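Novice: For the sequence shown, position 41 matches number 29 in my numbering, and the numbering has no gaps at all.
We treat Cβ as the ideally placed atom computed from N, Cα and C, and that holds for glycine.
Here the structure is a predicted model, which is why all the values come from computation and not from measurement.
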Amino acid sequence: MVRSLKAYTDDYLPLAEASENIAQMQLGLPYSTGQKGAPLNFVTAHKWLNLAVLRGNDEARYLRKELAGVMSREEIAQAQRMVREWVPSH
-11 MVRSLKAYTD DYLPLAEASE NIAQMQLGLP YSTGQKGAPL NFVTAHKWLN
39 LAVLRGNDEA RYLRKELAGV MSREEIAQAQ RMVREWVPSH
């Protein structure tokens, strides 16, 4: 059974907000692939993967690099701004 994006997010978001790098990576995956009914949103995916990388997740580093290859410079910059805004409050 495929879980909805909302159920998936409900499970992982509290952990991601607590700086759990696996949860952060897991939140990025649906937005990079469209799985779980998520809209493709490379900026959001990059944000979560980048946060996971900052917390030491090497798998997220690989995924972020692959994702960046299909993103524009502006999209990457937007994702990086989102990370800079997110980090101080978490």
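With distance defined between alpha-carbon atoms, name the residue in LEU42, SER20, PRO76 and ARG43 nearest to THR32.
Specialist: When only C-alpha atoms are compared, the closest one is SER20.
Novice: Quick one: measure Cβ to Cβ for ASN38 and GLN66, integer angstroms, because I've assumed they're closer than 8 Å.
Specialist: Contact flag wrong, Cβ pair sits at about 11 Å.
Novice: Closest to GLY44 by CA distance: which of GLU63, GLU5, GLN12 and ASP(-2) is it?
Specialist: GLN12
Novice: Who are the Cβ neighbours of GLN14 in its own chain at under 6 Å, not counting the five residues just before and after it?
Specialist: TYR0
Novice: Please list, in chain order, all residues of the same chain as GLY22 whose beta carbon is under 8 Å from its beta carbon, the five residues on each side excluded.
Specialist: If we look at GLY22 and ignore the five residues flanking it on each side, its Cβ neighbours are LEU28.
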